[in-house]
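All remarks here apply to the structure that follows.
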DNA sequence: GCTATAAATTAGATAAGACTAAATAAAACC
DNA sequence: GGTTTTATTTAGTCTTATCTAATTTATAGC
Ligand SMILES: [Mn+2]
Ligand SMILES: [Mn+2]
Ligand SMILES: [Mn+2]
Ligand SMILES: [Mn+2]
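Chains as they are written, first to last, in our numbering: chain S, 18 to 237; chain H, 18 to 237.
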């Protein structure tokens with residue numbers, strides 16, 4: 018029933034899942050191509066194969082959608098990835114900007130037994146070091162509907178950073194230096210054409226939209 | 018200079034290193050073939066490739082010997098492997114019979130940074146859960162000349178188990194059940210044609226030669 | 001030293017996953 | 001609606017690492 022997928026196949030499925038979260042259209046080959054850093058021809062190739070395995074719905078010039086089976090694979094890999102990120106961060110003292118790359122490789126090779134041990138050690142956590150939700154052991158995602166990107170908040174609202182949706186090492190490092198890390202308290206000072214003006218601790222920043230849209234906040 | 022080796026290449030180099038430890042002859046293709054569970058033709062193929070990379074000395078019908086460069090790769094992988102085994106065992110509560118398989122895959126994907134974190138967490142250990150020596154960060158093997166297989170000891174000698182040279186899950190599990198684990202105190206009661214007779218705690222066993230030869234002891 | 005057996009190599013096939021270049025389909029533009 | 005641009009697919013090549021089958025070389029027995 019599960020003839021063991023390759024690393025590549027797992028990465029495609031995971032990426033399709035992540036790209037699907039942004040809209041409900043099928044994911045385009047070009048989109049996958051860019052995010053996976055392979056050429057579009059390679060994507061078409063792989064989509065055909067995954068389609069034959071009934072892991073994606075694919076028709077030429079249509080794009081790709083995960084089947085339920087494909088979604089379950091994606092969630093499993095995502096669980097590995099995010100548990101590993103948290104483990105590296107919490108237990109081994111990695112910075113949040115370092116964990117993604119390492120987890121990207123480890124996610125494919127850890128056994129279910131190791132996954133379980135890690136989850137146990139971490140107390141069955143629901144979110145990783147970037148605030149990304151960790152699928153539970155039975156592959157359900159926790160409810161995250163109460164978090165919003167900075168760009169959607171109104172002036173005067175206060176809250177704390179609850180998620181950062183970039184994996185870029187240098188961006189994450191930059192945010193650390195600005196004390197824009199998880200749980201940091203902040204207030205919206207202004208929503209402007211060129212960014213979001215915020216107050217954090219003693220500091221004030223004008224965060225470019227590009228960056229602000231990746232910082233999610235829980236208000237209180 | 019180091020164009021990143023594949024998992025396969027690393028496994029071949031590691032296996033050649035381990036097989037070389039048993040004698041000083043070049044390692045035969047058949048030997049590699051059996052231990053790596055690939056066909057001899059595949060071995061020949063790979064040896065040619067590794068030879069071109071100057072990682073092994075290879076001439077047709079001669080066998081393979083690691084070059085210094087190849088040996089360093091092998092030691093690096095071995096360090097990963099054994100550190101991981103110990104980590105899984107000590108920190109995550111895996112049994113000594115479970116760790117080998119897991120480490121076999123992880124050894125190829127951990128970064129030098131993760132290797133260092135693990136070594137640090139473990140206090141820069143010199144031996145893994147089977148008593149196998151762990152190469153140091155600069156790839157030196159600790160001196161292990163004071164340990165001998167059970168089959169070489171004389172009647173009356175006492176000591177403790179210091180190394181077990183099998184990775185077979187079921188054999189290791191069996192040994193656990195018999196309390197024949199690292200540090201177990203024992204005394205040689207007899208050296209016989211069909212095995213070594215030992216006393217461990219309250220128990221006495223006649224260990225078949227096949228098994229006894231894999232149990233190494235430090236005497237006192 | 002010849003012969004039988006065992007070991008190793010060669011040759012050719014296959015599968016996975018990437019690529020380039022060319023062809024085709026869809027979308028956007030006016 | 002025809003034309004240009006963009007996206008996608010097809011066709012064919014490459015690399016890595018396997019395999020099987022056939023051949024060659026080495027070793028062991030007598
Ligand atoms: Mn990955
Ligand atoms: Mn994350
Ligand atoms: Mn391995
Ligand atoms: Mn070991």
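Where a beta carbon is used, it is the ideal one built from N, C-alpha and C, also for glycine.
Between the C-alpha atoms of residue i and residue j, what's the straight-line distance to the nearest angstrom?
i              : j              : result
residue 201(H) : residue 178(H) : 5 Å
residue 216(S) : residue 229(S) : 13 Å
residue 24(S)  : residue 125(S) : 6 Å
residue 193(S) : residue 75(H)  : 52 Å
residue 90(H)  : residue 143(H) : 18 Å
residue 161(H) : residue 68(H)  : 30 Å
residue 50(H)  : residue 196(H) : 34 Å
residue 169(S) : residue 199(S) : 18 Å
residue 233(H) : residue 150(S) : 48 Å
residue 87(H)  : residue 163(S) : 55 Å
residue 129(H) : residue 107(H) : 20 Å
residue 213(S) : residue 147(S) : 20 Å
residue 28(H)  : residue 121(H) : 9 Å
residue 187(S) : residue 112(S) : 12 Å
Comparing the CB of residue i with every heavy atom of ligand 4, is any distance shorter than 7 Å?
i              : result
residue 125(H) : no
residue 147(H) : yes
residue 221(H) : no
residue 117(H) : yes
residue 82(S)  : no
residue 164(H) : no
residue 99(H)  : yes
Run through DSSP, which three-state label would residue i get?
i              : result
residue 221(S) : strand
residue 192(H) : helix
residue 68(H)  : helix
residue 50(H)  : helix
residue 103(S) : helix
residue 206(H) : strand
residue 150(S) : strand
residue 79(H)  : coil
residue 32(S)  : helix
residue 108(H) : coil
residue 98(S)  : helix
residue 169(S) : helix
residue 186(S) : helix
residue 137(S) : helix
How would you call residue i, buried or exposed, if buried means at least 16 neighbouring beta carbons within 10 angstroms?
i              : result
residue 36(H)  : buried
residue 79(S)  : exposed
residue 210(S) : exposed
residue 131(H) : buried
residue 73(S)  : buried
residue 237(H) : exposed
residue 43(S)  : buried
residue 173(S) : exposed
residue 58(S)  : exposed
Any beta-carbon of chain S closer than 8 Å to the one on residue i?
i              : result
residue 173(H) : no
residue 94(H)  : no
residue 100(H) : no
residue 134(H) : yes
residue 215(H) : no
residue 212(H) : no
Taking only heavy atoms of ligand 1 into account, decide whether any of them is closer than 7 Å to the Cβ of residue i.
i              : result
residue 134(S) : no
residue 93(S)  : no
residue 291(S) : For residue 291(S) there is no data in the structure shown, the boundaries of chain S being 18 and 237.
residue 24(S)  : yes
Check whether the Cβ of residue i lies closer than 7 Å to any heavy atom of ligand 6, and answer yes or no.
i              : result
residue 102(H) : Only ligand 1, ligand 2, ligand 3 and ligand 4 can be found as ligands here, which leaves ligand 6 out of the picture.
Taking only beta-carbon positions, decide if residue i is within less than 8 Å of chain H.
i              : result
residue 140(S) : no
residue 231(S) : no
residue 116(S) : no
residue 126(S) : yes
residue 89(S)  : no
residue 119(S) : yes
residue 22(S)  : no
residue 131(S) : yes
Quick one: is the Cβ of residue i within less than 7 Å of any heavy atom of ligand 3?
i              : result
residue 32(H)  : no
residue 121(H) : yes
residue 157(S) : no
residue 114(H) : no
residue 161(S) : no
Less than 7 Å between the CB of residue i and some heavy atom of ligand 2, yes or no?
i              : result
residue 96(S)  : no
residue 180(S) : no
residue 130(S) : no
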